[in-house]
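**Q** Here it is: the structure, laid out below.
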Amino acid sequence: MKRFVDLAQLPRDEVLALLELARRLESHPEPQALAGKILGLVFFNPSLRTLASCQTAMLRLGGGSFVINPGQGSWQLETRDGVVMDGAAAEHVREALPVLASYCDALGIRAFAAGRDLAHDLAETTFGTMAALIDKPLINLESAANHPCQALADWKTLDDLAVPRTARFVLSWAWHPRALPLAVPAAALHMAALRGMEVIVLRPEGFALPPAIMERARQAAAAAGGSIRETSERASALKGADVLYVKEWGATACYGDNAADARLRAPLTDWCVREDWFAAAAAGCRVMHCLPVRRNTAISDAVLDGPRSAVQLEARNRLPTQMAVLHQLLRTPP
Amino acid sequence: MKRFVDLAQLPRDEVLALLELARRLESHPEPQALAGKILGLVFFNPSLRTLASCQTAMLRLGGGSFVINPGQGSWQLETRDGVVMDGAAAEHVREALPVLASYCDALGIRAFAAGRDLAHDLAETTFGTMAALIDKPLINLESAANHPCQALADWKTLDDLAVPRTARFVLSWAWHPRALPLAVPAAALHMAALRGMEVIVLRPEGFALPPAIMERARQAAAAAGGSIRETSERASALKGADVLYVKEWGATACYGDNAADARLRAPLTDWCVREDWFAAAAAGCRVMHCLPVRRNTAISDAVLDGPRSAVQLEARNRLPTQMAVLHQLLRTPP
Amino acid sequence: MKRFVDLAQLPRDEVLALLELARRLESHPEPQALAGKILGLVFFNPSLRTLASCQTAMLRLGGGSFVINPGQGSWQLETRDGVVMDGAAAEHVREALPVLASYCDALGIRAFAAGRDLAHDLAETTFGTMAALIDKPLINLESAANHPCQALADWKTLDDLAVPRTARFVLSWAWHPRALPLAVPAAALHMAALRGMEVIVLRPEGFALPPAIMERARQAAAAAGGSIRETSERASALKGADVLYVKEWGATACYGDNAADARLRAPLTDWCVREDWFAAAAAGCRVMHCLPVRRNTAISDAVLDGPRSAVQLEARNRLPTQMAVLHQLLRTPP
C-alpha cells in the first residue's frame, strides 16, 4: 500500500489486513516500529481526533510528526491551477506540498469540500490536484467526498461490537445549523457496503446522496453480498435497525446555494435523534457518529449518554486504525 | 498521585516530595524516565511558559506531547451541560475530552475563569465538569481559581532563594488595564500558607480575595504554623516584607461587571510596583510575579531589571517542577 | 559556532564547512546526533519551509522541538524598551525569551521587518534586542534584513547545480501586490558575493537596495574575487545570466509609505518573470526563488514548471542545511 486515500481503491483483503493489524497493535504494541520516521500533517480545516490520533499514532510507534495549518501560522495556499495569484494566497500547493513531502516520510492532508460545485467536489478536484504533487506515502485526512480514516475506524468499531456482517445499517441524515460536507456520509456508506451490510440511507427530500456516490456503493454492496436502498420514511427505515449511523450534510438538491439550503433544512429540526427513534429498532441497536456532534441538535443528550452510543468507541478506534495505516505505509521490514 | 489539580488536595508530604524530585531532576537528569509516554495538552487560553515547559518536560524525560487549541485549528468546545448546541461550539467536552484522554497517558487542561459569575468560578464548575470526564492522570494548567503548577514553581523558587519558611510574604494587587482571573493570587496565597509563611494580602478596597479563598488559606496557614491577614494599607503591609508577590486581578466587589470594574481600577494606576515601595521592606526583599507581566503598568522596568527580581527564576522553575509532576504521574517503576 | 544569525559574521571557512556537513548528512544520516536536544522555535510571522524544516531537522537528528507563535495561542510580545505596556502586548520579550531559552538547548527566532523605518530595520534593532537576551545557541529564522538559513540553502543549491563560482548571478526584483521586506534580497546578494560570483542587481527605479546592504556585499565580493553592480535595464542585466534569483521587495525610495510604494509599483506588473526574459541569457540559465512565490504575479507558471526552475531544490535544501546548522550548534562531541 502506497496511499490511503479511499477505501474503495483498496482490495478488500487489504482493508481486512489493516483491521487485523489495528487489533494486533492494540494487544502487541510496537513502540519502535516507526523509529526515525516523520509524518507531515497539513490541515486546511479544523481537527481534533484526526490531529491528535495521527500525532499520537506516530509517537506510539516511535516516530514523530509536524503540523502545518495553511492560513494560521503558515501561508494561505492556492489550489487552483493557472491562476494569477494577486489575492489572499501567498503560495501555491504546487510549490508547498512537494517541499513538505521531501522533508518527511509520509504526508497526511485534510481539505474539506469547498461546497460550491457538486461536480467539482465529487471529482475530488482539489485533493486530486494535491495528491498528484506528492511522491511519498499519502493519507487522506478528509477530502471533499471521502474520509477513509474515519471509515476504517468505523469498520473496526462494528467488528469490536460484534455487529454481524449482514446486519441492518441505517445511515441517517441529522439536523445541523448549516450545510456540512458529504465526505463522512459517503465514506460511511461505502464502508458498510464493502462490509456486506444491509444498508438503508434515510434522509429528507432534497438531501439524497448524489447518484455517483450511491452507485459506487451499490457496486461494492453487490460484490460483498449486501444491499443499498434509500428512503425518507423514518419509521420504515429504522424498523429492525441494528446500527443507526448519524450524520449531518448539506442539501444536494441545491448544493452551493446556502439560502436555499437554509430554507430546506429550516423545518427539519425534528431530525435530532432521540430515544423514541428506536421504538421499532432491533434490541440493542447502536448509535454511531464520527464526531464532532452538536448535542440536542443532531443527537439528544439521552442517546449520546445512553447505552446505545458507540461514539466514544469509534473515536478511540481512530488511534489503532491510524497506527495500522501508518505502520503499513512506513514500516521498513526488519 | 493520580491528579495534580490543586495543591490543597495533596498531603503536605507529597508537595515536599515533588519539590525534592524537582531538585533531583535538575542535578540528575533522567532522559528515558518517560520513554513512550504521551502528554495531551488542551489549551482553551493562551500560554507561553506552561505550553513550553510541559512540552520540554516531556522531551527531557524521553516522552512526547500533542497540543489542542479549541477554536484555533480545533473545534470550539461547549462545556455547559444540557445545552442545545446551535451556536458557535461544534462539539462538547463530553465527547472531546474522553477521546483525547484515550490517546495519551496524561492530560493537561488550561481553562481560565469565564469571569462572569464568582460562585461558578470559585466552584471550579467548568474544570470540574471536564475533570470528571477523564480517567487518566490529569494536570490543571490553570483553572478558574487555581494554578497549582505555578504555585509549585513558586514554592521551589522560595526554597532556591533560601527564603525562610516563616518569612513575611506580601501578596499585592497590581494595576492592569482590565480584570484578570483569581487563579494565580489564590494559588500563590495557598502556597505561602501551606509553606507556613507570615502572609499579608495587600489590595485596594473592592479587590479583596473572596472569603472562601481566604478561609481555605487560613486553615492551611494554621496547620503549617503560619498566618494570614489582609489590608489595603501599603506602607504597613510592606514594612519588613521579605517577599513581594505581585499579581493583577479583577474587582471582586463587582465581579463580572466590566464597567464597574473599570471605574474601580481607574484611579489605581499607582499600584505599579516601583523601587520606592521597598523603603521599609526587609533588606534584600525579593519581587515575584508569575508572568506575563506588563512593564511599567504592573511593575516598573527598574524593579524587573533590578536585583530584587525573581521572576526569571520562577519562570525557569516551571520546567523542573513540571518534570517532577509528570514523573510522579507517569513513571512506571522499573 | 555559537550563533547562526548572519552569514557575514562567519568566517568563509565556517560557511564552507556547514555546506560540507549538509552534504555529508544527506549521504550519511546521523539519527542520534542530537538525541535529547531541544530546539525552541519562536515565530512572530508565518512560516512553512522554515517551520517544517527546523522541526524535521531536529527529528532527523534524534532531537525534538516546540513552537511558540506570539499572538496566536501565546501572548502578544512587546519588543520595544521602556514602554508603558498598556496596549495589546501582554508580555515583553525581556521576560519571555530568556525563559524559553532556559527550557531548550537552542532557540530559533523569526521576526520580520516592521517596514516603517529603514534605519531601524537595517540596524536589526528588534532582532538585536532579542538576541541580546539569549544565552543559548541562536538561529536567525529571518530578521528585518537577513535570512541566513535561506542563504545557506541557496548556496548549496548553486553547488548542487554545479553553477561555477564565478558565474553571472542576477538578483531581480519582481512584482508583488504590496511591499515585502528586504531580508531575502539582502541575504541572497550577500551569499552570491561571498561565493565570489559576478552579481548584478536588477530593479526598477525606486527599488534600489539600501547603500549599506550594497556596500557590505561589495566588500564581501571584493574579498572573494567577485563583483557587484546594479541596474534597472533588464535586457543588459540578463544578457549571459547563469542564474536569475527572483525576489519581491518594497520601494526603498519611500520605505514605510505604503501609498507611495503602491504608486511606484502600480505600473510594474510586467516585472513578472516570463520565458522571454531569458532570450539572451546563458544556455541553461536557472531560476531561483526562496518561496513563497505568487504564480503569474512574480513568476509565470511556464517558468516555475519549466526546466529552468530550481525553486524546489532550494526549498528541499532547507532541510540538510538546517540540519548542518543545528548539528554544528548543538552536537556534543562524543
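As given, the protein sequences belong to chains A, B and C, one line each in that order. Letter 125 of the first sequence, counting from 1, is numbered 125 in my numbering, and no numbers are missing. Letter 117 of the second sequence, counting from 1, is numbered 117 in my numbering, and no numbers are missing. Letter 332 of the third sequence, counting from 1, is numbered 332 in my numbering, and no numbers are missing. Just so you know, even glycine gets a beta-carbon here, dropped at the ideal spot from N, CA and C.
Can you list the residues of chain C that residue 98(A) reaches, using a CB-CB cut of under 7 angstroms?
**A** What residue 98(A) touches in chain C: 312.
**Q** Can residue 243(A) and residue 303(A) be called in contact, C-beta distance under 7 angstroms?
**A** For residue 243(A) and residue 303(A), no; Cβs fall outside 7 angstroms.
**Q** Are the segment 174-192 of chain B and the segment 212-231 of chain B in contact at 8 angstroms, needing three or more beta carbon pairs?
**A** Touching, yes.
**Q** Please look up how many angstroms separate the CB atoms of residue 64(C) and residue 69(B), rounded, as I've assumed it's under 8 angstroms.
**A** Their Cβ separation, rounded to whole angstroms, is 20 angstroms, which puts residue 64(C) and residue 69(B) out of contact at 8 angstroms.
**Q** So, helix, strand or coil for residue 336(A), using DSSP?
**A** Past the boundaries of the shown model lies residue 336(A); chain A is included only from 1 to 334, so the question cannot be answered.
**Q** What are the start and end residues of each continuous beta strand (DSSP E) run of 3 or more residues lying completely inside the segment 116-183 of chain C, in chain order?
**A** For the segment 116-183 of chain C, whole beta strand (DSSP E) runs of length 3 or above, ordered along the chain, are 138-140, 168-173.
**Q** Between residue 294(B) and chain C, is there a C-beta pair that is closer than 7 angstroms?
**A** So yes, residue 294(B) belongs to the interface.
**Q** Quick check: residue 319(B) and residue 102(B), are their CB atoms within less than 7 angstroms of each other?
**A** No, they are not a contact pair.
**Q** Interface residues of chain A around residue 69(C) at Cβ under 8 angstroms?
**A** By Cβ distance, chain A contributes 73.
**Q** Tell me the DSSP bridge mates of residue 74(B)?
**A** Its beta-bridge partners are 70(B).
**Q** Residue 231(A) by DSSP, collapsed to three states: which one?
**A** Strand at residue 231(A).
**Q** Could you check where the alpha helix (DSSP H) with residue 220(B) kicks off and where it finishes?
**A** Unbroken alpha helix (DSSP H) run through residue 220(B): 211-224.
**Q** What first and last residue would you give for the beta strand (DSSP E) that runs through residue 198(C)?
**A** Run containing residue 198(C): 198-202, per the beta strand (DSSP E) assignment.
**Q** List the residues of chain C that residue 86(A) touches, going by C-beta distances under 8 angstroms, in chain order.
**A** Under the 8 angstroms cutoff, chain C gives 177, 294, 297.
**Q** Please report the residue range of the beta strand (DSSP E) in which residue 106(B) lies.
**A** Note, residue 106(B): beta strand (DSSP E), 106-110.
**Q** Let me make sure I understand the geometry here. Which of 159(A), 279(A), 288(A), 252(A) has the alpha-carbon closest to that of residue 20(A)?
**A** The residue with the shortest Cα to Cα distance from residue 20(A) is 159(A).
**Q** Go ahead and pull the three-state DSSP assignment for residue 1(C).
**A** Here residue 1(C) sits in coil by DSSP.
**Q** In or out: residue 2(C) buried (at least 16 other Cβ within 10 Å) or exposed?
**A** It is exposed - the Cβ of residue 2(C) has fewer than 16 other Cβ atoms within 10 Å.
**Q** Using alpha carbons as the reference points, say which of 47(B), 326(B), 94(B) lies closest to residue 312(A).
**A** Considering only alpha carbons, the answer is 94(B).
**Q** Output, in chain order, the set of chain C residues within a Cβ distance shorter than 7 angstroms of residue 301(B).
**A** The contacting residues are 82.
**Q** Span of the beta strand (DSSP E) holding residue 103(C)?
**A** Taken as a continuous stretch (DSSP letters only), residue 103(C) belongs to no beta strand (DSSP E), being part of the alpha helix (DSSP H) at 93-103.
**Q** Applying the 10 Å Cβ sphere with the 16-neighbour rule, what's the burial state of residue 332(A)?
**A** Exposed, by the Cβ-count rule.
**Q** Could you please give me the residues that DSSP links to residue 245(A) through a beta bridge?
**A** Its beta-bridge partners are 171(A), 288(A).
**Q** Can you list, in chain order, the residues of its chain with a C-beta nearer than 6 angstroms to that of residue 42(C)? Leave out the 5 residues immediately preceding and following it.
**A** So the qualifying residues of the chain are 68, 109.
**Q** Any beta-carbon of chain C closer than 7 angstroms to the one on residue 196(A)?
**A** No, its Cβ sits nowhere closer than 7 angstroms to a Cβ of chain C.
**Q** Any C-beta of chain B sitting closer than 7 angstroms to the C-beta of residue 56(A)?
**A** Taking Cβ atoms only, chain B reaches closer than 7 angstroms to residue 56(A), which makes this a yes.
**Q** Residue 97(A) to residue 37(C), Cα distance in whole Å?
**A** Going by the C-alpha atoms only, they are around 28 angstroms apart.
**Q** Among residues of its own chain, excluding the 5 on either side of residue 261(A), which ones have a beta-carbon nearer than 7 angstroms to its beta-carbon?
**A** Contacts found: 179, 250, 251, 254.
**Q** Are the segment 282-294 of chain B and the segment 82-93 of chain C in contact at 8 angstroms, needing three or more beta carbon pairs?
**A** These segments touch.
**Q** Since residue 297(B) and residue 176(B) are thought to touch, with beta carbons under 8 angstroms apart, how far apart are those beta carbons, to the nearest angstrom?
**A** Confirmed, Cβ separation roughly 7 angstroms.
**Q** Roughly how far, in whole angstroms, is the beta-carbon of residue 111(A) from the beta-carbon of residue 127(A), given that I think they are within contact range, below 8 angstroms?
**A** Their Cβ separation, rounded to whole angstroms, is 6 angstroms, which keeps residue 111(A) and residue 127(A) in contact under 8 angstroms.
**Q** Taking Cβ-Cβ distances shorter than 7 angstroms, what residues in chain A pair up with residue 92(B)?
**A** Going along chain A in sequence order, the residues near residue 92(B) (Cβ under 7 angstroms) are 295.
**Q** What does residue 49(C) reach in chain A if we use C-beta pairs closer than 7 angstroms?
**A** 99, listed in chain order.
**Q** Listed from N- to C-terminal order along the chain, which residues in the segment 305-334 of chain A have their beta-carbon within a distance smaller than 7 angstroms of any beta-carbon of chain B?
**A** Correct list: 311, 312, 315, 316, 319.
**Q** Would you verify that the beta carbon of residue 52(C) is, or is not, closer than 7 angstroms to some beta carbon of chain A?
**A** It does; some Cβ of chain A falls within 7 angstroms.
**Q** In this structure, how does DSSP classify residue 236(C) when only helix, strand and coil are distinguished?
**A** Here residue 236(C) sits in helix by DSSP.
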